[in-house]
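Novice: Residue numbers (our numbering): 199 to 330.
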């Protein structure tokens, strides 16, 4: 699945008002940081992983249960549970590689949280971006 397809699927979830059920880091025991993230929505999960060959983001969708080795949600990711996707963007670096995604989540009281996911040195860097 391309980043563009991921963005389209996230927009469909936003229109369906589907809340995030959980977010988990995907790990490689040989690396210090996470190599991906799994976003669980009702009936489907999306995985965003770093391709270590070119530090781009590779996306996939899984229907139903998923047994990918993960760490439990970090506090920053756990705060996303129950929120809905508001908008999403694909990011391309100066060399033309799709190496990032931004996903903005919204709560029932209309507060937003923006998460930036960037592939860097075979790991996934996760940043919470301040919103106004």
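Using N, Cα and C, we set each Cβ at its ideal position, and we do this for glycine too.
Here the structure is a predicted model, which is why all the values come from computation and not from measurement.
Are residue 234 and residue 224 closer than 8 Å when you measure CB to CB?
Specialist: Stepping through the chain shown from its first residue, residue 234 is reached at position 36. Stepping through the chain shown from its first residue, residue 224 is reached at position 26. Yes, the Cβ-Cβ distance between residue 234 and residue 224 is below 8 Å.
Novice: With a threshold of 16 other CB atoms inside 10 Å of the CB of residue 315, please say whether the residue is buried or exposed.
Specialist: Counting from 1 along the chain shown, the entry for residue 315 is found at position 117. Per the 10 Å Cβ criterion, buried.
Novice: Check residue 249 in the structure and name its three-state DSSP category.
Specialist: Here residue 249 is taken as the residue at index 51 of the chain shown, counted from 1. Here residue 249 sits in strand by DSSP.
Novice: Which of helix, strand or coil does DSSP assign to residue 319?
Specialist: Taking the chain shown and counting its residues from 1, the one referred to as residue 319 is at position 121. If DSSP states are grouped into helix, strand and coil, residue 319 belongs with coil.
Novice: Count the other C-beta atoms from every protein chain shown that fall within 10 angstroms of the C-beta of residue 297, then say buried if there are 16 or more, exposed otherwise.
Specialist: Numbered from its first residue, the chain shown carries residue 297 at position 99. In summary, residue 297 is buried, with 16 or more beta-carbon neighbours lying within 10 Å of its beta-carbon over all protein chains present.
Novice: Please name the residue or residues paired with residue 238 in a DSSP beta bridge.
Specialist: Numbered from its first residue, the chain shown carries residue 238 at position 40. According to DSSP, residue 238 bridges with 220 and 243.
Novice: Do you know how far the Cα of residue 292 is from the Cα of residue 218?
Specialist: Taking the first residue of the chain shown as 1, we reach residue 218 at position 20. Taking the first residue of the chain shown as 1, we reach residue 292 at position 94. Between residue 218 and residue 292, the alpha-carbon positions lie close to 31 Å from each other.
Novice: Got a sec, what are the start and stop residues for the beta strand (DSSP E) residue 261 sits in?
Specialist: As a first step, residue 261 is located in the chain shown; it is residue number 63 there, counting from the start. Following the DSSP letters along the chain, one finds residue 261 inside the beta strand (DSSP E) bounded by residues 254-261.
Novice: Out of 320, 322, 299 and 318, which one is the CA nearest neighbour of residue 312?
Specialist: Start at 1 with the first residue of the chain shown, and residue 312 comes out as number 114. Comparing Cα-Cα distances from residue 312 to each of 320, 322, 299 and 318, the minimum goes to 299.
Novice: Quick check on the burial criterion: 16 or more other C-beta atoms within 10 angstroms. Buried or exposed for residue 327?
Specialist: As a first step, residue 327 must be located in the chain shown, where it is residue number 129. Flag for residue 327 reads exposed.
Novice: With a floor of 3 residues, list each beta strand (DSSP E) that falls wholly inside the segment 271-315, ordered by position along the chain.
Specialist: Taking only runs of at least 3 residues, the beta strand (DSSP E) segments lying wholly in the segment 271-315 are 282-290 and 296-304.
Novice: Quick check: the Cα distance between residue 320 and residue 212, rounded to an integer number of angstroms?
Specialist: Locating residue 320 in the chain shown gives position 122, where the first residue counts as 1. Locating residue 212 in the chain shown gives position 14, where the first residue counts as 1. Rounded to the nearest angstrom, the two C-alpha atoms are 30 Å apart.
Novice: Along the alpha helix (DSSP H) that carries residue 211, what are the first and last residues, could you check?
Specialist: In the chain shown, counting from the first residue as 1, residue 211 sits at position 13. Where residue 211 is concerned, the enclosing alpha helix (DSSP H) stretches over 201-214.
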